[in-house]
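Asks: Each residue of the sequence shown is one higher than the one before, counting from 196 in the numbering used here.
Before I ask anything, let me first share the structure, which is written out below as structure tokens.
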Amino acid sequence: MTIRLMHVSDVHAGPPFAAEIAAVVAREAQAYAPDVFVVSGDFVQRADELAQWQTITTWLAQTPQPRFVVPGNHDVPLYNVWNRLFNPYIHYTRHISTDLMPVMHLNGVSLIGANTAFGWTIDGGYLSPAQQTHIRTAAASAPAGNRRIVVMHHHLVNPPGVGRRNRVANPEAIATLLDECQIDVVMSGHIHLSYVGHTRDLVPSLARGTIICQAGTATSRRGKGRERHMCAYNTVEMSATQVVIRRHVYDPSTQKFVVRVEHHEELQA
Ligand SMILES: [Fe+2]
Ligand SMILES: [Fe+2]
196 MTIRLMHVSD VHAGPPFAAE IAAVVAREAQ AYAPDVFVVS GDFVQRADEL
246 AQWQTITTWL AQTPQPRFVV PGNHDVPLYN VWNRLFNPYI HYTRHISTDL
296 MPVMHLNGVS LIGANTAFGW TIDGGYLSPA QQTHIRTAAA SAPAGNRRIV
346 VMHHHLVNPP GVGRRNRVAN PEAIATLLDE CQIDVVMSGH IHLSYVGHTR
396 DLVPSLARGT IICQAGTATS RRGKGRERHM CAYNTVEMSA TQVVIRRHVY
446 DPSTQKFVVR VEHHEELQA
């Protein structure tokens, strides 16, 4: 049995939003009909702007169900300091989801959402002790034999080409936590650059390690590094023994996404 997921990130309604490309993403998502449609945060560019939430909820309604979503740092207010510090998820919970730590158990795969976006940092990410406990508890509750995926906005590893972007704080400790929880794949965004790696790149001594699946920006003009000004998303197909991650990149000449890279990664027993 193979579970099919579509992984989209950093959709960024607002000035960088490419509405025509967003429409293509929604159409291709409907055609692919994944078991789960995943969005790993940064729904808007400026969370203070109501119109941006309206744009993105209209787009989201065109994408397939079920959806699995987590917030990103851009989904926290920037200019309204009171909200940023004391009510950082006011807009996200109103427009996107009231669940900041979603968990979804399917037949074969369990998804665990973690919230790395906080009000007191503009760009960086953080997994609080409560979030870490949440990951442990949710992983322990996964049905026997299920593969485990964690979705969180901030990334663990800076691949070449993005400089020293703010990762989740204490990435080595988080990689160790994921390893202890036997997480097979961690899906993230934030850097606007597609990348597939492994947490053993970060902590070579890990017992199993976790496959890192980074999605670029699906619908904004803020692609970075080799994906500068480009849009991309991933499809992820998991069987009992392997995961296949395909990077789909937008081709302006055909106005479609095309598969540019295909990764085949073995899953640990
Ligand atoms: Fe972003
Ligand atoms: Fe971000």
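Note that CB positions come from ideal geometry on N, CA and C, so glycine has one too.
(1) For residue 379 and residue 331, which I take to be in contact (beta-carbon distance under 8 Å), what is that distance rounded to the nearest angstrom?
(2) Evaluate residue 436 with the Cβ neighbour count: other Cβ atoms within 10 Å of its Cβ, from every protein chain shown; 16 or more gives buried, anything less gives exposed.
(3) Is residue 427 helix, strand or coil by DSSP?
(4) If residue 195 and residue 442 are in contact, beta carbons under 8 Å, what's the gap, nearest whole angstrom?
(5) Between residue 280 and the rest of its own chain, which residues show a CB-CB distance below 7 Å, the 5 nearest in sequence each way excluded?
(6) Could you check where the beta strand (DSSP E) with residue 219 kicks off and where it finishes?
(7) What do you reckon, is the C-beta of residue 243 under 7 Å from a heavy atom of ligand 2?
(8) Among 346, 354, 290 and 208, which has the Cα closest to the Cα of residue 381?
(9) Checking 8 Å against the spacing of the C-beta atoms, do residue 429 and residue 202 come in under that value?
(10) Should residue 260 go down as buried or exposed, given a rule of 16 or more other Cβ atoms within 10 Å for buried?
(11) Would residue 290 and residue 240 be called neighbours here (beta carbons separated by less than 8 Å)?
(12) From residue 236 to residue 264, what distance separates their C-alpha atoms?
(13) Quick check on DSSP: helix, strand or coil for residue 432?
(14) Consider the C-beta atom of residue 318 and the heavy atoms of ligand 1; say whether any pair is separated by less than 7 Å.
Replies: Result, derived from the coordinates:
(1) In the sequence shown, counting from the first residue as 1, residue 379 sits at position 184. In the sequence shown, counting from the first residue as 1, residue 331 sits at position 136. Rounded, the Cβ-Cβ distance is 16 Å, inconsistent with contact.
(2) Taking the first residue of the sequence shown as 1, we reach residue 436 at position 241. That one is exposed.
(3) Position 232 of the sequence shown, counted from the start, is the residue given in the question as residue 427. In this structure, residue 427 counts as strand in the three-state DSSP scheme.
(4) No information on residue 195 is available, as it lies outside the stretch 196 to 464 that the chain covers here.
(5) Reading the sequence shown from its first residue, position 85 is the one you call residue 280. The answer, listed in chain order, is 314 and 315.
(6) What you label residue 219 is simply residue 24 of the sequence shown in a count that begins at 1. Run containing residue 219: none in the beta strand (DSSP E); it sits in the alpha helix (DSSP H), 214–227.
(7) Here the question's residue 243 lines up with position 48 in the sequence shown. Residue 243: no, Cβ never under 7 Å from ligand 2.
(8) Counting from one through the sequence shown, the residue named residue 381 turns up at place 186. Measuring from the Cα of residue 381, the nearest candidate turns out to be 346.
(9) The residue labelled residue 429 in the question sits at position 234 within the sequence shown. The residue labelled residue 202 in the question sits at position 7 within the sequence shown. For residue 429 and residue 202, yes; Cβs fall inside 8 Å.
(10) Counting from 1 along the sequence shown, the entry for residue 260 is found at position 65. By the neighbour-count rule (16 or more Cβ atoms within 10 Å), residue 260 is not buried but exposed.
(11) For the purposes of this step, residue 290 is taken as the residue at position 95 of the sequence shown. For the purposes of this step, residue 240 is taken as the residue at position 45 of the sequence shown. Against a cut-off of 8 Å, the Cβ pair of residue 240 and residue 290 comes out as no contact.
(12) Translated into positions along the sequence shown, residue 236 becomes position 41. Translated into positions along the sequence shown, residue 264 becomes position 69. About 7 Å.
(13) Position 237 of the sequence shown holds residue 432. Here residue 432 sits in strand by DSSP.
(14) Locating residue 318 in the sequence shown gives position 123, counting from the first residue. Not so, every heavy atom of ligand 1 lies at least 7 Å from the Cβ.
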